[in-house]
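Undergrad: What follows is a single structure, and I will ask about it in a moment.
2 protein chains.
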Amino acid sequence: MARNTDNDRSRLDDAARAGWLYFIAGNSQDEIAKKMDISRQSAQRLVALATREKLVKFKLDHPIARCMELALRIKDRYGLDYCEVTLTDPSSDDPALGIAEVAAAEMEKYFKSDTPIVMALGTGREVRGAVDQVPKMYCPQHRVVSLIGSLAPDGSANINDPITVISDTIHAPRHPLAVPVIASSIAERDIICAQIPIRRNIDLAQSADIAFIGIGELNDTPPLLTDGFITWKELKSLQAAGGAGEILGRAFNDKGELISGETNDRITSVTLPQPANRPIIGVARGPDKLRAISAALAGRWVTGLITDEWTAEALLR
Amino acid sequence: MARNTDNDRSRLDDAARAGWLYFIAGNSQDEIAKKMDISRQSAQRLVALATREKLVKFKLDHPIARCMELALRIKDRYGLDYCEVTLTDPSSDDPALGIAEVAAAEMEKYFKSDTPIVMALGTGREVRGAVDQVPKMYCPQHRVVSLIGSLAPDGSANINDPITVISDTIHAPRHPLAVPVIASSIAERDIICAQIPIRRNIDLAQSADIAFIGIGELNDTPPLLTDGFITWKELKSLQAAGGAGEILGRAFNDKGELISGETNDRITSVTLPQPANRPIIGVARGPDKLRAISAALAGRWVTGLITDEWTAEALLR
DNA sequence: TTACTTAATGAGCAATTATTCGTTAACTAT
DNA sequence: ATAGTTAACGAATAATTGCTCATTAAGTAA
Chain A
14 MARNTDNDRS RLDDAARAGW LYFIAGNSQD EIAKKMDISR QSAQRLVALA TREKLVKFKL
74 DHPIARCMEL ALRIKDRYGL DYCEVTLTDP SSDDPALGIA EVAAAEMEKY FKSDTPIVMA
134 LGTGREVRGA VDQVPKMYCP QHRVVSLIGS LAPDGSANIN DPITVISDTI HAPRHPLAVP
194 VIASSIAERD IICAQIPIRR NIDLAQSADI AFIGIGELND TPPLLTDGFI TWKELKSLQA
254 AGGAGEILGR AFNDKGELIS GETNDRITSV TLPQPANRPI IGVARGPDKL RAISAALAGR
314 WVTGLITDEW TAEALLR
Chain B
14 MARNTDNDRS RLDDAARAGW LYFIAGNSQD EIAKKMDISR QSAQRLVALA TREKLVKFKL
74 DHPIARCMEL ALRIKDRYGL DYCEVTLTDP SSDDPALGIA EVAAAEMEKY FKSDTPIVMA
134 LGTGREVRGA VDQVPKMYCP QHRVVSLIGS LAPDGSANIN DPITVISDTI HAPRHPLAVP
194 VIASSIAERD IICAQIPIRR NIDLAQSADI AFIGIGELND TPPLLTDGFI TWKELKSLQA
254 AGGAGEILGR AFNDKGELIS GETNDRITSV TLPQPANRPI IGVARGPDKL RAISAALAGR
314 WVTGLITDEW TAEALLR
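Taken in sequence, the protein lines are chains A and B. The end of the first sequence is residue 330 by our numbering, with every number in the run present. The end of the second sequence is residue 330 by our numbering, with every number in the run present.
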C-alpha cells in the first residue's frame, strides 16, 4: 500500500530538487548527495524518480532540416493545414514515443490562449501519452470534452480517460462521455445518444475549437479488439469489408470511406465531419498504423497530423 | 577557421538527433552510435554538443512547496504582483543559474500572446541568460526594445546585446538603444537623448507592456566597474553616497532612493517610474546582490521578482 | 607542392551512473 | 502485539559516460 500522500509529496519535492540539481545545475549525483545530505544511491534514485515521473521534461529545440522538409511535403501532398514530423527511434515500439511530446506542446499552445477554447480529445495511447506530458497549468476558462465513450465493455468507467487527466492538469471543467463505446444495437445507440446530458456533450464536442485524435489500425491485433470493444468476428467482418483503419471506433477503407453496417452503426462516439472542416489533429506513427494513417488522410478525416520521420517517409512513397 | 555553415548546420542536426535519442528516447550512447552509424565517442560528443548548445532544454515541472511558500511571502512582504522562486545550487557561482530558465519561461508566456506586445529589456548576465533560453518562435507582431545603451565605453557596439539575440530568436523587430551608457557630461547626455530616433526608442521603452531588468550590486567589483562603464573613483563616490545597488546604471541607496549627482546624472538609460506603475520584473539572485535586491524592493523599482531560494530566504530575514 | 593550422577521430582509462541483492524500517491487517 | 507486506536503504558490482591524448584528415597560406 502507498504511504500517506504527504510523504509522497515531500518525496516528489526531493526528487524535483535532485532532478534540478542534476539536469539544470549540472551536478553529479555525488554532489547532490552531499548537498541534500543523503547517500549517493538515494540521490540516484531521486533523479531516476524525477525523470520517471516526468517532473523533469526534456524538450528538443532545434529544427531538424529533414523533419521540416518531410512535414512540408506531407502538408502539400495531403492538403493539410498543419503537420509536424518528429524523429524516429527505430528500436522502440512505444507507439507514442516522440509524437506525444510534440502533441503535448501543441496542446499547451492552445491552452495558453486567454480566450476560452473547447478542446476535444479521443482516446488511445498517443493521446494519453500527450496529455501526460502537458505541464500543470491553471486555465479554468477552457473546456475539455471527450469524443468517445469512456465506459469499458464490462461497464467500468475508465479513470485514466485522457479527459480526466487533462482536466486535472490544466484545472479546466471536463465533459466526459459516460457511455459504452459500442451499443448492443442500433436502437440502443440511438437511445443512449438521445439522452439530454449526453446529447449536450456531443454537441459541445462537435463545436470544439480543436480536436486531437488517435488513428487506429485494423490489423489482427488492434486495441479495439484487445481492449474488448469488438469481437474477433466483428473485426474479421470489418476487415472483409475492406477496413483499413478507424477513428473514434469508426472503421473506414483505404480510401477513407466509412464502412457501412457492422459495428460502425452501433458506435456512440461523436460523428466527425468528413471532410474535416475544423481543426482536427491526428496523432499516430509506426509501421502498424501506416495503412490506417494513409487511409485517414485520403478520407480527409484530419486537417493536421503529428507523426514521425519513418512514417512520414513511408506516407510519401 | 570555421568550416562552412552548411557543415555546422548538419552537425547541429546530428547533435539534435543524438540528443533526442538520448534524452527523449532514452537510448544509451552505444545504441545511438549504432543507429547513427558513428563511433561511441562521436555519439558522446554529439550529445554533449546538443546540451552545450542548448538544443535540448530541461524543464522542471513540479511545484516545490518550499519555493512556492517563499514566493508567496516575498510577494506579501514587498507588495509585489509577481514573484517566482527557484532552487539554489549552493556551490555554483553562476549568477543566472536557475533564474534564467524561469525568466525565459515567463518571457515565452508573453511572446505566446496573439495581441502585439512591447517587451523592454535591460542588460546583465541574468537577462542575457534568460534570452538565451527562449526557444525559437515566430512572433513578428511583438516588439523588443532596449532600456539601456548598447555602446561599450570604447564605442564598440555590443553584438550580444539581449535585444539583438531575442529579436533573432522570436523574429520580432528590435529597437536597440545605440548610445553610450554614460555620457561624459550632463549636457552631452541631454543632447544624445534628444535625438529623434533615440527619443522615439525611449518613448517606446517607457510604454512597454513588460520589462525584464537585472539588479546590479555596488560592492567593490560590480559589472559596471569591471566592464569599464564607471571608474574606480566614481564607484567609490557612489559607495560613499550610500550606494546599495543599481538598476539600468542608476545607483540607489538602501532605501531605494536615487543617489543624486555622480554618474547618475549622466546615464542615458530609460528612466523607470518610481514606484513602478507597470510590470517590471527584476531578475537577480545571490549573496553579492542581496543588498541591492533588498534596496530595489524597498524603493519599489519592480513589480515582480525572479530569484532563488537562498536569496528569498535572506530577503525575508 | 609544402609547411602549417585546425578539427575530428578512436583508443584507453577515469569517473560517474545504474542495477542487483540482502537487510532494515515502517506500515497494515488480524 | 504479531505476522505479513512494502518501501527504503547501503554495499557491491556492472554498465555507461566523460576525458585525455596521440593520430589522422582536411583545409590554408606561402
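Beta carbons are placed, not taken as given, at the ideal position from N, Cα and C, and that holds for glycine.
Can you list, in chain order, the residues of the segment 77-103 of chain A whose Cβ is nearer than 7 Å to any Cβ on chain B?
TA: Listed by position along the chain: Ile77, Ala78, Leu100, Asp102, Pro103.
Undergrad: For Thr301(A), which residues in chain B fall below 7 Å Cβ to Cβ?
TA: Looking up residue 301(A) in the first sequence gives position 288. First, the amino acid is wrong: residue 301(A) is Asp here, not Thr. In chain order: nothing, as chain B lies at least about 18 Å away.
Undergrad: Can you find a heavy atom of the ligand FAD that lies under 8 Å from the Cβ of Lys72(B)?
TA: The ligand FAD is not part of this structure, which contains no ligands at all.
Undergrad: Which chain B residues sit within Cβ distance under 8 Å of Glu114(A)?
TA: Working through the first sequence from its first residue, we reach residue 114(A) at position 101. Here the neighbours are Ile37.
Undergrad: So which residues on chain B does Trp323(A) lean against when the C-beta distance must stay under 9 Å?
TA: Numbered from its first residue, the first sequence carries residue 323(A) at position 310. Correct list: empty, because the minimum Cβ distance to chain B is about 12 Å.
Undergrad: For chain A, is any of its Cβ atoms less than 9 Å away from the one on Ser23(B)?
TA: By 1-based counting over the second sequence, the position of residue 23(B) is 10. Closer than 9 Å: yes.
Undergrad: Give, in chain order, every unbroken run of the alpha helix (DSSP H) that is at least 4 residues long and sits entirely within the segment 28-100 of chain A.
TA: 42-49, 53-65, 78-91
Undergrad: Whole angstroms are fine: how far does the CA of Ala133(B) sit from the CA of Gly142(A)?
TA: For the purposes of this step, residue 142(A) is taken as residue 129 along the first sequence, with counting starting at 1. For the purposes of this step, residue 133(B) is taken as residue 120 along the second sequence, with counting starting at 1. Roughly 38 Å separates the two Cα atoms.
Undergrad: Is there a C-beta anywhere in chain B that falls below 9 Å from the one on Tyr168(A)?
TA: Along the first sequence, read from residue 1 onward, the residue named residue 168(A) stands at position 155. For the record, residue 168(A) in the displayed sequence is Gly; it is not Tyr. False, the Cβ-Cβ gap to chain B never drops below 9 Å.
Undergrad: Would you identify the three-state DSSP class for Met14(A), choosing helix, strand or coil?
TA: As a position in the first sequence, residue 14(A) is number 1, starting the count at 1. Confidence at Met14(A) is low in this model, with a pLDDT of 39, below 50, so the placement of that residue should be treated as unreliable; the coordinate-derived value is given next. In this structure, Met14(A) counts as coil in the three-state DSSP scheme.
Undergrad: So His75(A) contacts chain B; which residues on that side make the cut at Cβ distance below 7 Å?
TA: To locate residue 75(A), count along the first sequence from 1; it is residue 62. Within 7 Å Cβ-Cβ: Leu25, Ala29, Leu68.
Undergrad: Judging by CA-CA distance, which residue of Gly256(A), Cys206(A), Val131(A) is the nearest neighbour of Ala218(A)?
TA: Residue numbering aside, residue 218(A) sits at position 205 when the first sequence is read from its first letter. The shortest C-alpha to C-alpha distance from Ala218(A) to any of Gly256(A), Cys206(A), Val131(A) is the one to Val131(A).
Undergrad: Within its chain, find whatever has a CB closer than 8 Å to the CB of Leu329(A); leave out the 5 residues flanking it on each side and keep chain order.
TA: Taking the first sequence and counting its residues from 1, the one referred to as residue 329(A) is at position 316. The residues are Leu83, Arg86, Ile87, Arg90.
Undergrad: What's the call for Trp245(B), buried or exposed, on a 16-neighbour Cβ count within 10 Å?
TA: Numbered from its first residue, the second sequence carries residue 245(B) at position 232. It counts as exposed.
Undergrad: Which same chain residues end up closer than 7 Å to Ala254(B) when comparing Cβ atoms and leaving out the 5 residues on each side of it in sequence?
TA: Taking the first residue of the second sequence as position 1, residue 254(B) is located at position 241. Contacts found: Ile272, Glu275.
Undergrad: Between the segment 42-54 of chain B and the segment 92-102 of chain B, can you find at least three pairs of beta-carbon atoms closer than 8 Å?
TA: Contact fails between the segment 92-102 of chain B and the segment 42-54 of chain B, because fewer than three Cβ pairs, one in each stretch, are under 8 Å apart.
Undergrad: Where are the beta strand (DSSP E) runs, 3 residues long or more, that stay fully inside the segment 219-268 of chain B, in chain order?
TA: 223-227, 258-260, 263-265
Undergrad: Cβ of Glu326(A) less than 9 Å from any chain B Cβ?
TA: Sequence index remark: in the first sequence, residue 326(A) carries index 313 (1-based). It does not; no Cβ of chain B falls within 9 Å.
Undergrad: Using a Cβ-Cβ distance cut-off of 9 Å, determine whether Trp33(A) contacts chain B.
TA: To locate residue 33(A), count along the first sequence from 1; it is residue 20. Taking Cβ atoms only, chain B reaches closer than 9 Å to Trp33(A), which makes this a yes.
Undergrad: Determine the chain A residues that contact Leu110(B) at a beta-carbon separation under 7 Å, and present them in chain order.
TA: In the second sequence, residue 110(B) corresponds to position 97, counting from 1. Here the neighbours are Ala38.
Undergrad: By a C-beta neighbour count over all protein chains shown, 10 Å radius and 16 as the cutoff for buried, is His184(B) buried or exposed?
TA: Walking along the second sequence from the start, residue 184(B) turns up at place 171. Burial call: exposed.
Undergrad: My output table needs one value for Arg330(A): the three-state DSSP class, helix, strand or coil.
TA: Locating residue 330(A) in the first sequence gives position 317, where the first residue counts as 1. DSSP places Arg330(A) in coil when its eight states are reduced to three.
Undergrad: Could you give the C-beta distance for Arg304(A) and Glu230(A), rounded to a whole number, given that I count them as a contact under 8 Å?
TA: As a first step, residue 304(A) must be located in the first sequence, where it is residue number 291. As a first step, residue 230(A) must be located in the first sequence, where it is residue number 217. Rounded, the Cβ-Cβ distance is 7 Å, consistent with contact.
Undergrad: Take Ala117(A) and list the residues in its own chain whose beta-carbon comes closer than 6 Å to its own, dropping the five residues that flank it on each side.
TA: Taking the first sequence and counting its residues from 1, one reaches residue 117(A) at position 104. Within the same chain, Ala117(A) has close Cβ partners Ala143, Gln146, Val147.
Undergrad: By how many angstroms is the C-alpha of Leu62(A) removed from the C-alpha of Gln42(B)?
TA: Locating residue 42(B) in the second sequence gives position 29, where the first residue counts as 1. Locating residue 62(A) in the first sequence gives position 49, where the first residue counts as 1. If I take the Cα positions, the gap works out to 21 Å.
Undergrad: Given that Ser105(B) touches chain A, what residues does it touch there, using C-beta distances under 7 Å?
TA: The residue you call residue 105(B) lines up with position 92 of the second sequence. Residues of chain A passing the Cβ test: Ala38.
Undergrad: Taking Cβ-Cβ distances shorter than 8 Å, what residues in chain A pair up with Phe124(B)?
TA: Your numbering for residue 124(B) matches position 111 in the second sequence. Simply none; closest approach about 10 Å.
Undergrad: So does the segment 256-265 of chain A actually touch the segment 222-240 of chain A, counting three or more Cβ pairs closer than 8 Å?
TA: yes
Undergrad: For Pro148(A), go through chain B and note every residue whose CB falls closer than 7 Å to its CB, in chain order.
TA: In the first sequence, the residue the question calls residue 148(A) occupies position 135. When 7 Å is used as the limit between beta carbons, Pro148(A) is near these residues of chain B: Asp74, in chain order.
Undergrad: When you compare only the Cα positions, how much space is there between Glu119(B) and Val140(B)?
TA: Walking along the second sequence from the start, residue 119(B) turns up at place 106. Walking along the second sequence from the start, residue 140(B) turns up at place 127. If you draw a straight line from the Cα of Glu119(B) to the Cα of Val140(B), it comes to about 12 Å.
Undergrad: Please return the same chain residues whose Cβ sits closer than 8 Å to the Cβ of Asp267(A), not counting the five positions on each side in sequence.
TA: Taking the first sequence and counting its residues from 1, one reaches residue 267(A) at position 254. So the qualifying residues of the chain are Gly255, Ala257, Arg304, Ser307, Ala308, Ala311.
Undergrad: Can you list the alpha helix (DSSP H) stretches of 4 or more residues lying completely in the segment 88-170 of chain A, in chain order?
TA: 112-124, 138-146
Undergrad: Within this structure, are the beta carbons of Cys152(A) and Lys122(A) separated by less than 9 Å?
TA: Counting from 1 along the first sequence, the entry for residue 152(A) is found at position 139. Counting from 1 along the first sequence, the entry for residue 122(A) is found at position 109. In terms of Cβ geometry, Cys152(A) and Lys122(A) do not form a close pair [threshold 9 Å].
Undergrad: Just to confirm before moving on: does the CB-CB distance between His188(B) and Ser220(B) stay below 9 Å?
TA: Here residue 188(B) corresponds to residue number 175 of the second sequence, with the count starting at 1. Here residue 220(B) corresponds to residue number 207 of the second sequence, with the count starting at 1. Not closer than 9 Å, so no.
Undergrad: Please confirm whether Asp102(B) and Asn290(A) have their CB atoms less than 9 Å apart.
TA: In the second sequence, the residue the question calls residue 102(B) occupies position 89. In the first sequence, the residue the question calls residue 290(A) occupies position 277. No; because the gap between Cβ atoms is not below 9 Å, this pair is not in contact.
Undergrad: Taking the alpha-carbon positions, what's the Ala224(A) to Thr320(A) distance?
TA: Translated into the one-based positions of the first sequence, residue 224(A) becomes position 211. Translated into the one-based positions of the first sequence, residue 320(A) becomes position 307. Spanning the two alpha carbons is a distance of roughly 16 Å.
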